[in-house]
Every structure is written in C-alpha cells, then in structure tokens.
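Position in the sequence shown (from 1) plus 348 gives the number in this note's numbering.
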Amino acid sequence: NSVILALTLTLSMAFVPCLPGFSSRNRESYVPAFADDNSGVPSGIKIDKSNKSNVSKSNLPPSTLPNGGRITLVGSGPGDPDLLTVAAYKIITDPDVLIISDRLVSKEILDLIQGEYKIARKLPGCAEAAQEEIYRWCKEGLDAGKHVIRLKIGDPFVFGRGGEEILKFREHGVEAKVVPGVSAAFSAPLLGSIPVTHRGKSNQVVMCTGYGRNGTSPDLIQYHKEQTIVFLMAVGRLRELCERLINMAGYPSKTPVGIIQNAGCPNQRTVVGNMENIADLAEEYQVKAPSTIVVGEVVNVLLESDSETGEPVYGLIQNMTAQAL
C-alpha cells in the first residue's frame, strides 16, 4: 500500500558501452538491457537480440473491437484545466466520445467536455456498487461501438484503480489505452507551497492511501525525521490516521501536517497544523475530498512563522476563493 519513491538511473538505450574509466578487461563489455526487434537503437550500439522485452501483445485483446468500440483511461490531474496534458485535453474536448467520469473530477475540467458524459457517484459506503456501475456503463459504450473515455482524477495508476480497470476491460475483450495525468501526490503540495523534499528536512518521500482494500487501514511507515509522507484519499479518517501514526509508528505529536483541498481549483484551500490539532482544524474548516495530506517537517519550510513567537502559524493559511474575491 506504500510506494517509496527514489531517484533511479535508467538505461533507456538497449546497450551502453562502458566508460573509459573501467579496466581494460571490462572496457569492451556492455551493459545488457531489454529491447524489442524494432528498437530503433542508433547504429553503432551493440544489441543482444537474445534479451527481449518480456512484455508481448500477442496474448492481449485488441485495442479496438470489431464494431469500433475502444476505451481510454485518462488522468485529469489535480483539478486545474491548465494542468491537463495536451493528450487529455484533446480527448476530453472530442464531441464524439463517451466520458465516464469519477465524482471528484473538478467542475472546471467537466466544463470542457463537448460530448456525452456520465459521473459515477462513488460516495463513502457505496464505492463498490459505484465501481460496478462504471464497468456497466463502459461495457454499454463498448457494445455500442463508442470510444469510451474513463476519466479519472490525478493519475490513473496512482491509487486510482487504474490497473484493476485495465484487467476488467480485458475481460470485456479490449485492451485499454492509458493517458497519464499529473498526480496530486506531487502537484497538490506544490500548489499549497509545500515542497515534498528539501535539503536538511526531507530526503525521501512515501506515498500512501488512506484506505486499503475493502476499507482496511494500510500498514504505516515508521517515523523518520527526514521523511515526507503524502496521503491520498485519507481525509475521511484523518483523526484515526494521526492517532495511529503517533501510537503505532512513533511520530512525535508535534509533527507538522498540511492539507491541500481542491488543489489548483478556484476554491483551493490549505490548512496547516500538527498531529495533535490537524483533525480538529479539518473539522473546523470543513475540509473534504479531494484533499492531499502532507506529513513531515517540509510542511513549514516555505510558510511564514508568527512574527511575535516565531512559531508556525496554524489554521487556514491559504484560501484561493478569498483571494479571488
């Protein structure tokens, strides 16, 4: 349920000759990677065709049904239409598609839709029934030969059930295309003036969901002072989450916590507190989904302190709606 993000060096070319600094014995060797036959690797690069990609489309269903029906999962980002990818914008504004949207996709993005769309009312307590309704709507669209767009908040593959839906659509006999979206895990903190990493404050980031499978609570990451945790879909159990982090994961009760609601939208708000008071503050300011929760010392890095006490300022510290007025 948790994904620890780290910077990795990826060799995108099929084979890369070793650098001159290596010994003569290794200088002529190369680092093997996986490549398909039509890899497009420039001439002069050694390719061992015996090492091929283990991803084959030969056993997958077609991307388009005989009647023309097809489906695309599209990430809509955190909510601001300006943060849509170009590909997402083109698809959303196509008047000939059928869009099946999540409930939390912003009104600003829904207003861009030119054709038919349906919104899944995936409310707390009825998520599974709503998901089955989504599958039914998608199947009806495919059977009618339509291009079905499964519009999801954030990125489809970041706690968005994207993988589950791909597998379900395969049962319907079609391989879905995926258009990535800007995940709220990184964009929401940025829009709330909270860097998820900062030298001397955080050198690692952990992404978690507030709800595991069947509504269970996910395993917790133990406290580390230079660590940031970003929780998605967790505002509904914020009080329980903070209690568990303190009692079971060793978090100090004064650990800073920030909540960014409706990131990138005209009604964006940021509420800041600590483990002890953030649940009360969230209730006071009626914080609701979609919200991104950030836990760690980075919360206060860019925020001004009280001019008299020098202590962090708690409460509603950013209100885009009030600024617009």
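Glycine included, each C-beta is placed from N, C-alpha and C at the ideal position.
Exercise. CB-CB under 6 Å to S371, same chain, minus the five flanking residues each way: which ones, in chain order?
Worked result: Position 23 of the sequence shown, counting from 1, holds the residue named residue 371. Here S371 scores only 45 on pLDDT, less than 50, and its place in the model is too uncertain to base an answer on.
For this session: For D450, I'd like the list of residues in its chain whose CB is within less than 7 Å of its CB, leaving aside the five on either flank, ordered along the chain.
Result: For the purposes of this step, residue 450 is taken as the residue at position 102 of the sequence shown. Closer than 7 Å at the Cβ level, and outside the excluded window around D450, lie A468, K470, L499, K500, I501.
For this session: Label A354 either buried or exposed according to how many other C-beta atoms from any shown protein chain fall within 10 Å of its C-beta, with 16 as the threshold for buried.
Result: Position 6 of the sequence shown holds residue 354. Reliability of the predicted coordinates at A354 is poor, the pLDDT of 38 falling under 50, and no value is obtained from them.
Exercise. Span of the beta strand (DSSP E) holding F517?
Worked result: Position 169 of the sequence shown, counting from 1, holds the residue named residue 517. F517 -> not in any beta strand (DSSP E); alpha helix (DSSP H) instead, spanning 510–519.
For this session: Output the distance between the C-alpha atoms of D503 and S655, rounded to the nearest integer angstrom.
Result: Against the sequence shown, residue 503 aligns to sequence position 155. Against the sequence shown, residue 655 aligns to sequence position 307. Between D503 and S655, the C-alpha separation is close to 39 Å.
Exercise. Shortest alpha-carbon distance to G674 belongs to which of S541, I577, T545, H546?
Worked result: Residue coverage of the chain in this structure runs from 349 to 673, which leaves residue 674 outside it and unanswerable.
Exercise. Since L664 contacts R587 with CB under 8 Å, what's their CB separation in whole angstroms?
Worked result: Numbered from its first residue, the sequence shown carries residue 664 at position 316. Numbered from its first residue, the sequence shown carries residue 587 at position 239. Contact doesn't hold; Cβ gap of about 18 Å is too wide.
Exercise. Could you give the distance in angstroms between the alpha-carbon of G548 and the alpha-carbon of E574?
Worked result: Numbered from 1 along the sequence shown, position 200 holds the residue referred to as residue 548. Numbered from 1 along the sequence shown, position 226 holds the residue referred to as residue 574. Taken atom to atom, the span from the alpha-carbon of G548 to that of E574 is near 7 Å.
Exercise. Is it the case that the Cβ atoms of A533 and V506 are separated by a distance below 8 Å?
Worked result: Your numbering for residue 533 matches position 185 in the sequence shown. Your numbering for residue 506 matches position 158 in the sequence shown. In contact: A533 and V506 (Cβ atoms closer than 8 Å).
Exercise. First and last residue of the alpha helix (DSSP H) that includes C486?
Worked result: Reading the sequence shown from its first residue, position 138 is the one you call residue 486. Counting along the chain, the alpha helix (DSSP H) containing C486 begins and ends at 475–491.
Problem set entry | Exposed unless 16 or more other CB atoms sit within 10 angstroms - verdict on K494 | For this step, residue 494 is matched to residue 146 along the sequence shown. K494 is buried by the Cβ-count criterion.
Exercise. Apart from the five residues on each side of it in sequence, which residues of its chain come closer than 6 Å, Cβ to Cβ, to G489?
Worked result: The sequence position of residue 489 within the sequence shown is 141, counting from 1. Counting only Cβ-Cβ distances below 6 Å, and skipping sequence neighbours, we find L446, V496.
For this session: Pick out the complete alpha helix (DSSP H) segments inside the segment 594–669, 4 residues or longer, and give them in chain order.
Result: 626–632
Problem set entry | Nearest-angstrom Cβ-Cβ length linking I608 and L539, presumed shorter than 8 Å | The count along the sequence shown starts at 1 and reaches residue 608 at position 260. The count along the sequence shown starts at 1 and reaches residue 539 at position 191. Confirmed, Cβ separation roughly 6 Å.
Problem set entry | Simplified DSSP assignment, three categories, for L589 | Residue numbering aside, residue 589 sits at position 241 when the sequence shown is read from its first letter. DSSP places L589 in helix when its eight states are reduced to three.
Problem set entry | Under the three-state DSSP convention, the category F505 falls into | The count along the sequence shown starts at 1 and reaches residue 505 at position 157. Coil at F505, not helix or strand.
Exercise. When we look at the beta-carbon of P638 and count the other beta-carbons within 10 Å, is it buried (16 or more) or exposed?
Worked result: Translated into the one-based positions of the sequence shown, residue 638 becomes position 290. Classification of P638: buried, given that the 10 Å Cβ count is 16 or more.
Exercise. Using the C-alpha atoms, what's the distance from K487 back to A524?
Worked result: Position 176 of the sequence shown, counted from the start, is the residue given in the question as residue 524. Position 139 of the sequence shown, counted from the start, is the residue given in the question as residue 487. Put simply, the backbone Cα of A524 is about 12 Å away from that of K487.
Problem set entry | Validate contact between the segment 429–443 and the segment 512–522 using beta carbons, cut 8 Å, 3 pairs | The segment 429–443 vs the segment 512–522: no contact.
Exercise. Given a threshold of 16 other Cβ atoms within 10 Å of its Cβ, counted over all protein chains shown, does S377 qualify as buried or as exposed?
Worked result: As a working mapping, residue 377 is identified with position 29 in the sequence shown. At S377, the pLDDT of 39 sits below 50, so the modelled position is not reliable; the number obtained from the coordinates is stated separately. Exposed, by the Cβ-count rule.
Exercise. Where does K438 fall in DSSP's three states?
Worked result: Counted from its first residue, the sequence shown places residue 438 at position 90. The answer is helix: DSSP assigns K438 an H, G or I state.
For this session: Under 8 Å by Cβ, that's how I've got V583 and V643 pegged, so tell me the actual separation to the nearest angstrom.
Result: The residue given as residue 583 occupies position 235 in the sequence shown. The residue given as residue 643 occupies position 295 in the sequence shown. Actually they are not in contact, since the Cβ atoms of V583 and V643 sit about 13 Å apart, beyond 8 Å.
Exercise. When the Cα of L690 is compared with those of Y599, N415, E659, L421, which residue comes out closest?
Worked result: Here the chain covers residues 349 to 673 and nothing more, so residue 690 does not appear.
For this session: Give me the Cβ distance between V646 and I542, rounded to the nearest whole Å; I'm assuming they're in contact under 8 Å.
Result: Here the question's residue 646 lines up with position 298 in the sequence shown. Here the question's residue 542 lines up with position 194 in the sequence shown. Indeed, because the Cβ distance is near 6 Å, the residues count as touching under 8 Å.
Exercise. With a CB to CB cut of under 8 Å and the five nearest residues on each side skipped, what residues in its chain are close to G658?
Worked result: Within the sequence shown, the letter at position 310 stands for residue 658. Residues of the same chain with their beta carbon placed closer than 8 Å to that of G658 are lacking, with the five preceding and five following residues left out of the count.
Problem set entry | Inter-residue spacing [alpha-carbon to alpha-carbon] between V453 and L432 | Reading the sequence shown from its first residue, position 105 is the one you call residue 453. Reading the sequence shown from its first residue, position 84 is the one you call residue 432. C-alpha separation (whole angstroms): 12 Å.
Exercise. Whose C-beta lies closer than 6 Å to the C-beta of I626 among residues of the same chain, with five residues either side of it excluded?
Worked result: Residue numbering aside, residue 626 sits at position 278 when the sequence shown is read from its first letter. Once the five neighbours on either side are set aside, the close Cβ partners of I626 are V605.
For this session: Rank C590, G417, M555, V553 by C-alpha distance to the C-alpha of D491 and give the top, closest one.
Result: For this step, residue 491 is matched to residue 143 along the sequence shown. The alpha carbon of D491 has as its nearest neighbour, out of C590, G417, M555, V553, the alpha carbon of G417.
Exercise. Mind pulling the alpha helix (DSSP H) runs of 4 or more residues that sit fully within the segment 521–565?
Worked result: 532–539
For this session: Could you spell out where the alpha helix (DSSP H) holding K455 opens and where it closes?
Result: Residue numbering aside, residue 455 sits at position 107 when the sequence shown is read from its first letter. K455 -> alpha helix (DSSP H) spans 455–458.
Problem set entry | Backbone secondary structure at L452 - three-state DSSP | Start at 1 with the first residue of the sequence shown, and residue 452 comes out as number 104. Residue state, collapsed to three classes: coil.
Exercise. Hey, would you say M623 sits closer than 8 Å to T640, going by beta carbons?
Worked result: One-based indexing of the sequence shown puts residue 623 at position 275. One-based indexing of the sequence shown puts residue 640 at position 292. Not closer than 8 Å, so no.
Exercise. Per DSSP, H572 forms a beta bridge with which residues?
Worked result: In the sequence shown, counting from the first residue as 1, residue 572 sits at position 224. BP columns for H572 are empty, so no partner.
For this session: From the DSSP output, in three-state form, read off G425 for me.
Result: Here residue 425 is taken as the residue at index 77 of the sequence shown, counted from 1. Here G425 sits in strand by DSSP.
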